[in-house]
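Just below is one structure, and these are the notes that go with it.
There are 2 protein chains.
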Amino acid sequence: SLSNNTIERICRIYGYLEYLEKNNIEYASSKEFAGIVGTTDYSVRKDISSLGLTGFSRRGYAVKLLKDQLGEKLKLSRTIKTCIVGLGKLGTAILDYESFRDDGFNMVAGFDSSINKIERIHTPIEVFPVGQLEDIVKQRSIELGIIAVPPVAAQDIADKLIKGGVKGILNFSPVRIAVPEEIVLHNMDFTAALRFVAARF
Amino acid sequence: SLSNNTIERICRIYGYLEYLEKNNIEYASSKEFAGIVGTTDYSVRKDISSLGLTGFSRRGYAVKLLKDQLGEKLKLSRTIKTCIVGLGKLGTAILDYESFRDDGFNMVAGFDSSINKIERIHTPIEVFPVGQLEDIVKQRSIELGIIAVPPVAAQDIADKLIKGGVKGILNFSPVRIAVPEEIVLHNMDFTAALRFVAARF
Ligand SMILES: NC(=O)c1ccc[n+]([C@@H]2O[C@H](COP(=O)([O-])OP(=O)(O)OC[C@H]3O[C@@H](n4cnc5c(N)ncnc54)[C@H](O)[C@@H]3O)[C@@H](O)[C@H]2O)c1
Ligand SMILES: NC(=O)c1ccc[n+]([C@@H]2O[C@H](COP(=O)([O-])OP(=O)(O)OC[C@H]3O[C@@H](n4cnc5c(N)ncnc54)[C@H](O)[C@@H]3O)[C@@H](O)[C@H]2O)c1
Numbered sequence: 004s005l006s007n008n009t010i011e012r013i014c015r016i017y018g019y020l021e022y023l024e025k026n027n028i029e030y031a032s033s034k035e036f037a038g039i040v041g042t043t044d045y046s047v048r049k050d051i052s053s054l055g056l057t058g059f060s061r062r063g064y065a066v067k068l069l070k071d072q073l074g075e076k077l078k079l080s081r082t083i084k085t086c087i088v089g090l091g092k093l094g095t096a097i098l099d100y101e102s103f104r105d106d107g108f109n110m111v112a113g114f115d116s117s118i119n120k121i122e123r124i125h126t127p128i129e130v131f132p133v134g135q136l137e138d139i140v141k142q143r144s145i146e147l148g149i150i151a152v153p154p155v156a157a158q159d160i161a162d163k164l165i166k167g168g169v170k171g172i173l174n175f176s177p178v179r180i181a182v183p184e185e186i187v188l189h190n191m192d193f194t195a196a197l198r199f200v201a202a203r204f
Numbered sequence: 004s005l006s007n008n009t010i011e012r013i014c015r016i017y018g019y020l021e022y023l024e025k026n027n028i029e030y031a032s033s034k035e036f037a038g039i040v041g042t043t044d045y046s047v048r049k050d051i052s053s054l055g056l057t058g059f060s061r062r063g064y065a066v067k068l069l070k071d072q073l074g075e076k077l078k079l080s081r082t083i084k085t086c087i088v089g090l091g092k093l094g095t096a097i098l099d100y101e102s103f104r105d106d107g108f109n110m111v112a113g114f115d116s117s118i119n120k121i122e123r124i125h126t127p128i129e130v131f132p133v134g135q136l137e138d139i140v141k142q143r144s145i146e147l148g149i150i151a152v153p154p155v156a157a158q159d160i161a162d163k164l165i166k167g168g169v170k171g172i173l174n175f176s177p178v179r180i181a182v183p184e185e186i187v188l189h190n191m192d193f194t195a196a197l198r199f200v201a202a203r204f
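Residue numbers (the working numbering), protein chains in the order written: chain D, 4 to 204; chain L, 4 to 204.
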């Protein structure tokens, strides 16, 4: 099946196709996609054909068609039930971010260890004490957990999310988390991103 | 010179070496690095030797030595003056994030278009109305700008940061920004990261 690097590129191309569709652009070239994901023309065409897709004409790829095909192949067009653990500075920013819903990620619950925070927070999303994490994840069939707790609590929260039944985790805390083989884990590393910019000055 | 993909991998290996050093681990293998950045053993050794570094013994790479060498080659060990534009939900979370300073990124100023927000915000970092962005970036020789404004304002803010003299931009807004060739731009795309997790369920 597909390598992680191919899947990551396809997800970014999918986002770019969404942008083109919103701006009523009908065709796009593999050269444009290559610019977005930082690879070559050839490698983009290989990625797309590795999904068994063609649809390439002299004018380039038909934007709407390719987007729908990629969405189907990678199951990107369905809605994913998501929760966030840790309602501090970063967690509340993510909790209130309305674009996630448009992108297919339905934030169904938030959790925090501080009862005081749970009571004071103003959000339309239901929030719970972290003690109820496993039960709520199970009851609501939450598939994806976002971790925004301090580093010292991250592994424990990952274990609880997995026990509750999530399939994947997006981790914002700067520690390595150990998860079983079948759980999909991705780390959002702000510092690595800043370094990636500064190293190229 | 190095490809962007190689630089990105090295930045993540550098972060991992920092973690190992903090935990008093003296040696690490290229296999471990390959696991962290999602490539092969061979490709990691190629990345490291492409910087002209050796230091590989039977026990693996010496952690402290390799970290210092990578830090020097990619100039990761110097302090970079940084600012953030947009002090809303995400911007204030980033403004207050103390770890950036330990990682070498010194947040020297914050900016927002809302005077009300500038007056009410509690932070040890100096904040200014966005009208002063170009002057402050110039006066304080700010090298890296972080964009956390609504999508509609992102391009304008990028232009102002560049006029002020930044060398690079980390963009959190979900729009494509156009920058001149010599400016280093990196987009932090939360939605692409969520999709990268969900596509692998
Ligand atoms: N603020 C940023 O810009 C930023 C950037 C990158 C990474 N991070 C990382 O994201 C995480 C959150 O950062 P923050 O700035 O929002 O911190 P914060 O201290 O503002 O928020 C942490 C929240 O987690 C809660 N919490 C603590 N232990 C918990 C537990 N066991 N279970 C559930 N909730 C718990 C706290 O009550 C608090 O509300 C940290 O790991 C941080 O390193 C933050
Ligand atoms: N909140 C999240 O978790 C999240 C996640 C991913 C991406 N983003 C993106 O990050 C950006 C900020 O998101 P947010 O949730 O913090 O939004 P927000 O509305 O809470 O904050 C935006 C801030 O920018 C300021 N602003 C508006 N126009 C400006 C201008 N021209 N110059 C300077 N400041 C200006 C506003 O006064 C406000 O304080 C958006 O582009 C959003 O799409 C947010």
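Positions of the beta carbon are idealized from the N, C-alpha and C atoms, including for glycine. Computed from a predicted structure; not experimentally measured.
- Going by beta carbons, LEU164 of chain D and VAL187 of chain D fall outside the 8 angstroms limit.
- Residues of the segment 124 to 148 of chain D that bring their beta carbon within less than 9 angstroms of a beta carbon in chain L comprise GLU146 and LEU147, in sequence order.
- For CYS86 of chain L, no chain D residue has a C-beta closer than 9 angstroms to its own C-beta; the minimum C-beta separation is roughly 12 angstroms.
- In this structure, LYS34 of chain D sits near ASP44 of chain D, with a CB-CB distance shorter than 8 angstroms.
- In the displayed model, ASP71 of chain L falls within a helix according to three-state DSSP.
- Here VAL169 of chain L has VAL140, ILE145, GLU146, LEU147 and GLY148 as same chain residues with Cβ atoms under 7 angstroms from its own Cβ, once five neighbours each way along the sequence are excluded.
- Bounds of any beta strand (DSSP E) do not take in PHE199 of chain L; it lies within the alpha helix (DSSP H) bounded by 193 to 201.
- No Cβ of chain L is located within less than 8 angstroms of the beta carbon of PRO183 of chain D.
- Rounded to whole angstroms, the Cβ separation of ILE150 of chain D and GLY107 of chain D is 20 angstroms, and the two are not in contact under 8 angstroms.
- In the DSSP assignment, no residue is bridged to ASP44 of chain D.
- In the DSSP assignment, the residues bridged to PHE108 of chain L are L:ILE83.
- Residues VAL88, ILE150 and VAL152 of the same chain have their beta carbon placed closer than 7 angstroms to that of ILE160 of chain D, with the five preceding and five following residues left out of the count.
- At the C-beta level, GLU137 of chain D and GLY167 of chain D come within 8 angstroms of one another.
- When DSSP states are grouped into helix, strand and coil, GLY94 of chain L belongs to the helix group.
- Within chain D, the C-beta atoms nearer than 7 angstroms to that of LEU93 of chain L come from ALA96, in chain order.
- In this structure, ligand 1 has no non-hydrogen atom nearer than 7 angstroms to the beta-carbon of GLY113 of chain L.
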